[in-house]
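In terms of the numbering used here, the sequence shown is residues 251 to 463.
Everything below concerns the one structure shown next.
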Amino acid sequence: METDATQDMSAIEKLMWEIYEYVKQRHAPVYEGGATAAEAVYLQELARKTNAGVVAEIGFNVGFSAIAFLEGLPEVKVVSFEIDRRLSVELAKEFIDARYPGRHELIVGNSLEAVPAYTGEQPDLVFVDGGHDYEVAYADIQNSRKIAKPGAIVVVDDLVPWHPWGVGPHEAWHEAVKRGLIEPIEYVVEGVVVDEIKEPGDRAWAAGRFTSD
């Protein structure tokens, strides 16, 4: 008999394949990776635990994480920031709008400008998975804190400093914690909660709570 977690994993994996095939069958190149099934289940469950009304994510790509949040709660709304409107993004948005009408907003532009300019409803939960340079990752954390509700939950992805793409986000997370912007809650490597992030592993992330000014 399947557990709830196993059922969630199966359902999320199926949806991830559906949106990926929707994009690929329309001849749109997909240049970057997205959330893994384990991470998607984690994000889905986090949306449920926090009873989030609005989720903001920096980095949309082909919508894996957006789907996870939208599947988490029937009324949650997701605001995705993405740097451009390439074909894969347009197609993923099309798929999501058909499945979750009226619940997803895509804001296109450089996150360094688009996030501070956001004036919509304050998110209860933020997922930072945008640029991987330290300066960009740290600015994304700072700026998302400013638009979020006081005490909102934040998840920062790609904290894998043993890989080139993880050095910047890892440093940005620890700097934000050091400066008191975030109170850490937990660290996760390949879907498993750990005491500290260390190799091996290709996917690691951290969850925390934004502090108030």
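All C-beta atoms in this analysis are idealised placements derived from N, C-alpha and C, irrespective of residue type, glycine included.
According to DSSP, residues forming a beta bridge with residue i
{"i": "lysine 327", "result": "Val304"}
{"i": "tryptophan 455", "result": "Val438"}
{"i": "valine 376", "result": "Ala306, Val404"}
{"i": "leucine 293", "result": "Per DSSP, none; premise fails for leucine 293."}
{"i": "isoleucine 357", "result": "Phe331"}
{"i": "phenylalanine 460", "result": "Ile432"}
{"i": "valine 444", "result": "Tyr437"}
Cβ-based neighbour list, residue i, same chain, cut-off 7 Å, excluding 5 preceding and 5 following
{"i": "leucine 375", "result": "Leu296, Ala297, Thr300, Ala302, Val305, Ala402, Ile403"}
{"i": "isoleucine 435", "result": "Ala457, Gly458, Arg459"}
Cβ neighbour criterion (16 or more within 10 Å) applied to residue i
{"i": "lysine 327", "result": "buried"}
{"i": "alanine 389", "result": "buried"}
{"i": "methionine 251", "result": "Bear in mind that the predicted position of methionine 251 carries a pLDDT of just 40, short of 50, making it too unreliable to give a figure here."}
{"i": "tyrosine 437", "result": "buried"}
{"i": "aspartate 445", "result": "exposed"}
{"i": "proline 373", "result": "buried"}
{"i": "valine 443", "result": "exposed"}
6 Å Cβ shell around residue i - same chain, five flanking residues per side excluded
{"i": "isoleucine 317", "result": "Leu265"}
{"i": "glycine 309", "result": "Asp379, Gly380"}
{"i": "glycine 418", "result": "His382, Asp383, Tyr384, Ala387"}
{"i": "glycine 313", "result": "Ile269, Ala342, Ile346"}
{"i": "glutamate 307", "result": "Ser315, Ser330, Phe377"}
Proximity winner among the options, relative to residue i (alpha-carbon distances)
{"i": "tyrosine 368", "options": "Phe377, Glu440, Asn393", "result": "Asn393"}
{"i": "leucine 362", "options": "Glu321, Val438, Asp408, Arg395", "result": "Arg395"}
{"i": "asparagine 311", "options": "Asp452, Val427, Gly322, Leu337", "result": "Leu337"}
{"i": "threonine 461", "options": "Pro414, Glu307, Lys428", "result": "Lys428"}
{"i": "tryptophan 412", "options": "Asp463, Val405, His420", "result": "His420"}
{"i": "arginine 353", "options": "Asp407, Arg335, Pro324", "result": "Pro324"}
{"i": "glycine 430", "options": "Lys448, Ile391, Gly416, Glu271", "result": "Ile391"}
{"i": "alanine 364", "options": "Tyr350, Ala348, Asp334", "result": "Asp334"}
{"i": "proline 414", "options": "Pro400, Ile357, Arg453", "result": "Arg453"}
Through-space distance from residue j to residue i, alpha-carbon basis
{"i": "alanine 465", "j": "methionine 259", "result": "Beyond the ends of the chain as shown, which are 251 and 463, falls residue 465; an answer cannot be given."}
{"i": "leucine 409", "j": "histidine 277", "result": "31 Å"}
{"i": "isoleucine 432", "j": "phenylalanine 377", "result": "13 Å"}
{"i": "tryptophan 267", "j": "serine 315", "result": "13 Å"}
{"i": "valine 273", "j": "valine 439", "result": "28 Å"}
{"i": "glycine 359", "j": "glutamate 340", "result": "14 Å"}
{"i": "isoleucine 397", "j": "glutamate 332", "result": "16 Å"}
{"i": "glycine 416", "j": "proline 366", "result": "24 Å"}
{"i": "histidine 424", "j": "aspartate 463", "result": "18 Å"}
{"i": "tyrosine 281", "j": "glutamine 275", "result": "15 Å"}
{"i": "glycine 441", "j": "isoleucine 447", "result": "12 Å"}
{"i": "proline 400", "j": "alanine 426", "result": "16 Å"}
{"i": "proline 279", "j": "alanine 422", "result": "30 Å"}
Same chain, Cβ closer than 8 Å to residue i, five either side skipped, listed in chain order
{"i": "glutamate 355", "result": "Lys327, Val328, Val329, Ser330, Gly370"}
{"i": "isoleucine 262", "result": "Ala287, Ala290, Val291, Gln294, Ile317, Ala318, Glu321"}
Any non-hydrogen atom of the ligand FAD closer than 7 Å to residue i Cβ
{"i": "phenylalanine 460", "result": "In the structure on display, the ligand FAD does not appear, and there are no ligands present to speak of."}
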